[in-house]
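Trainee: Going by the working numbering, the residue at position 175 of the sequence shown is 175; the numbering climbs one at a time, nothing skipped. Backbone N, C-alpha and C define an ideal beta-carbon position, used for all residues, glycine too. Keep in mind the model is a prediction, meaning the values are calculated, not measured.
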Amino acid sequence: MKNLVIALPGREFSGSFITNWSKTLITLIQKGYKVRLVNEYSSFVPFSRMKTLGLDVLRGADQKPFNGKSDYDVWLTIDSDIFFTPENIIELVEDTDKYPVVSGLYRMTDLKHYAAVKEWDMDQFKKSGTFDFLKVGDTDTFEKYMKVAYNGMGFFACRKGVIEDLKYPYFSYPLIEMETEDGTVLRDMCSEDVAFCKNLTDAGYEVIVNTSLRVGHEKTLVI
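1. I need the DSSP call for residue 222, collapsed to helix, strand or coil.
2. In angstroms, rounded to a whole number, what distance separates the CA positions of residue 152 and residue 212?
3. Under a Cβ-count criterion, where at least 16 other Cβ atoms within 10 Å of its own Cβ denotes burial, should residue 28 be classed as buried or exposed?
4. Who pairs with residue 156 in a beta bridge, going by DSSP?
5. List the whole-angstrom C-beta distance separating residue 176 from residue 197, where the pair is believed to meet the contact cut-off of C-beta under 8 Å.
6. Have a look at the DSSP bridge pairing and note the partners of residue 147.
7. Between the C-alpha atoms of residue 146 and residue 209, what's the straight-line distance to the nearest angstrom?
8. Apart from the five residues on each side of it in sequence, which residues of its chain come closer than 8 Å, Cβ to Cβ, to residue 71?
9. Let's test the definition: count the other Cβ atoms within 10 Å of the Cβ of residue 123 and tell me whether it reaches 16, buried, or not, exposed.
10. Is the stretch 5 to 14 in contact with the stretch 37 to 48, if contact means three or more CB pairs nearer than 8 Å?
11. Given that a residue counts as buried once 16 or more other Cβ atoms are within 10 Å of its Cβ, and exposed if not, what is residue 128?
12. Quick check on DSSP: helix, strand or coil for residue 91?
13. What first and last residue would you give for the beta strand (DSSP E) that runs through residue 4?
14. Quick one: complete beta strand (DSSP E) runs, 3+ long, within the stretch 28 to 65?
15. In chain order, what residues of the same chain have a beta carbon less than 7 Å from the beta carbon of residue 132, not counting five sequence neighbours either side?
16. Give me the Cα-Cα distance between residue 207 and residue 106, rounded to the nearest whole angstrom.
17. Go ahead and pull the three-state DSSP assignment for residue 195.
18. For residue 113 and residue 136, I'd like the C-alpha separation in whole angstroms.
19. Taking C-alpha atoms, which residue in 88, 84 and 201 lies nearest to residue 17?
20. Suppose contacts are defined by Cβ-Cβ distances below 9 Å. Is residue 168 in contact with residue 195 by that definition?
21. If residue 101 and residue 200 are in contact, beta carbons under 8 Å, what's the gap, nearest whole angstrom?
22. Count Cβ pairs between the stretch 148 to 166 and the stretch 87 to 97 that sit closer than 8 Å; are there 3 or more?
23. For residue 122, report the span of its beta strand (DSSP E) as first-last.
24. Would the beta-carbon of residue 88 fall within 9 Å of that of residue 68?
As structure tokens, then:
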């Protein structure tokens, strides 16, 4: 059975999250999985994610996750605002048998889109200042496992060996520059999850989304 490193970046978790995590941990142990929980926090999100991989700036640019000393099969990260079930976790973990990088889907705050981009359409970005995110209704026509350019890291898994192939610090990427028809130079900074997906692509890995694996996304509602 697999050895799992489950990363929970953050320092505030809702009652729903704690309940879901408790059920998940019991289920995983009962089914024979070995689970290591890593909870880390930084006000700078890239640092939070780096810390869940046991990284330390003093170990230099050639370091590996957990200093190469952790025996694990899958690194799975769950954001503190994700609503999930034990079955969601197990499905994502087992998907790594087929796909080295795989994630589930969750809606964005507009409720109309998922936090995933199929391709980097630069022409679209030049017009609107944003890329086209997957629309909720459109995913019903997609195959179950779909290659994307980007997926948010709220519910995201990598098989061991993937992150080890990346260049530290994994969650940063050079500025993206492009020129519009009128000569305006646009300069875009990548978020940490976009940077991670771009680094995965540069290393030769495909980012796969399980379009049937949809988890909740907790947000505050003001009424």
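Mentor: Inspection of the coordinates gives the following:
1. coil
2. 16 Å
3. buried
4. 77 and 103
5. At roughly 13 Å, the Cβ-Cβ gap does not stay under 8 Å, so residue 176 and residue 197 are not in contact.
6. 208
7. 5 Å
8. 3
9. exposed
10. yes
11. exposed
12. helix
13. 3 to 7
14. 34 to 38
15. 117, 121 and 124
16. 16 Å
17. helix
18. 5 Å
19. 84
20. no
21. 6 Å
22. yes
23. Run containing residue 122: none in the beta strand (DSSP E); it sits in the alpha helix (DSSP H), 122 to 128.
24. no
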